[in-house]
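Position 110 of the sequence shown, counting from 1, maps to 980 under my numbering, and the rest follow consecutively. Don't be surprised by glycine CBs; every beta carbon is placed ideally from N, CA and C. Shown next, in structure tokens, is the structure this report addresses.
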Amino acid sequence: AFLAEQVLIMHPVTLPIWLLGLGSLLAGGARRFRFLGIIYLVLLGIMMALKGKSYYLAPAYPMLLAAGAVSWGRFVAGPDRLRRIARVAVPGIVIAAGATFAPMFLPVLSPERFVAYQSRLGMHPGETEVAHVGPLPQLWGDQFGWPELAAEVARIYHALPADEKARTGIFASNYGEAGAINLFGPALGLPPAICAHQTHWLWGPPGVEPEIYIIWLQWSKESLQRGFGSVEKAGEHVHPWGMVEENRPIYLCREPRLTLREAWPELKHWN
871 AFLAEQVLIM HPVTLPIWLL GLGSLLAGGA RRFRFLGIIY LVLLGIMMAL
921 KGKSYYLAPA YPMLLAAGAV SWGRFVAGPD RLRRIARVAV PGIVIAAGAT
971 FAPMFLPVLS PERFVAYQSR LGMHPGETEV AHVGPLPQLW GDQFGWPELA
1021 AEVARIYHAL PADEKARTGI FASNYGEAGA INLFGPALGL PPAICAHQTH
1071 WLWGPPGVEP EIYIIWLQWS KESLQRGFGS VEKAGEHVHP WGMVEENRPI
1121 YLCREPRLTL REAWPELKHW N
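Structure, rendered in structure tokens:
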């Protein structure tokens, strides 16, 4: 599956070019740059062994495409008729295929037109992350909804009495939510996000524990009730073009059974 995704993300019509480039680097006319071909193969093996995301390897392909283009250019440089045709036909095919699929990778269409175009091509959004789904591919969907999420959190936060706001924290379930709160939050009067997702966890729990409420994003009420004596729905975030997992209720939690410092080892997650 990882190899098939490499072909797709680089576009199938470019496959012969970058394969030619890899062969040229390893055993062809570009052997003095063999280390680049070896680097590609080593990284490919590492990504497959560690089950990396398919796009992690994308930055390695320009060097293969460059080497392949040089080799192809030398091949079609001859005067015979077949090579003259190939000099025009192959770039034409690459350009036509690239233009057809350009809207899938470049922000040239509105979401509505993108979905319609995607449907005409018979394609559907793939999952490039764990459990990310939505009407748009994650590349686009993950760019919608963050200002609105921060605004809804701010509405909940500022509805609290003034003396309670200073003792209220905001728990973001992933780095996207934490980023939204930390980027848009200062202008909205919000405190920094608390987050235990991936490397956020390494920074540890907040130095000062929230004393009254924690505004908790994305988790289910049932999960939160295991850690708090009181959990109430305070708002909801919904964006039609964002990622579906972000379209969730937002809860106000109080009466924690453990402090965040005590619960921190269990809150860590790396997905």
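Item, Value
"C-alpha distance - P932 paired with H1107, whole-angstrom precision", "40 Å"
"Cβ shell of A1021 (< 8 Å), same chain only, five flanking positions each side left out", "F1054 and L1058"
"Simplified DSSP state of F1041, which is helix, strand or coil", "strand"
"Minimum C-alpha distance to R904 - residue among L911, L895 and Y910", "L895"
"Identity of the residue in H1067, P1110 and A919 nearest F1014 by Cα", "P1110"
"The segment 1121-1132 contacting the segment 1083-1101, beta-carbon criterion three pairs below 8 Å", "yes"
"Rounded C-alpha distance that separates L1128 from T970", "55 Å"
"Which of helix, strand or coil DSSP assigns to W1086", "strand"
"Boundaries of the beta strand (DSSP E) in which R1121 is found, first to last residue", "Per the sequence shown, the amino acid found at residue 1121 is Tyr instead of Arg. Run containing Y1121: P1119 to P1126, per the beta strand (DSSP E) assignment."
"Endpoints, alpha helix (DSSP H) assigned at S894", "L885 to A897"
"Sequence-distant residues of its chain with Cβ nearer than 7 Å to A928 (five each side left out)", "I879"
"Range of the contiguous alpha helix (DSSP H) that encloses F1098", "Per DSSP, F1098 belongs to no alpha helix (DSSP H); it is in the beta strand (DSSP E), F1098 to E1106."
"Unbroken alpha helix (DSSP H) run spanning W1016, endpoints", "W1016 to H1028"
"F1067, DSSP secondary structure in three states", "Inspection of the sequence shows that residue 1067 is occupied by His rather than by Phe. DSSP places H1067 in strand when its eight states are reduced to three."
"Alpha helix (DSSP H) segment containing M918, residue limits", "R904 to A919"
"Stretch-stretch touch, CB-based, cutoff 8 Å, three pairs: the segment 1028-1048 with the segment 1079-1091", "yes"
"Delimiting residues of the alpha helix (DSSP H) encompassing R954", "R951 to F971"
"Cβ-based neighbour list, Y987, same chain, cut-off 7 Å, excluding 5 preceding and 5 following", "P973 and L979"
"Own chain partners of K1138 with C-beta closer than 7 Å, once the 5 adjacent residues on each side are dropped", "A1066 and W1071"
"Cβ-based neighbour list, R957, same chain, cut-off 6 Å, excluding 5 preceding and 5 following", "V946"
"C-beta contact flag for A1029 and L1087 at 8 Å", "no"
"Where T884 falls, given that 16 or more other Cβ within 10 Å makes a residue buried", "buried"
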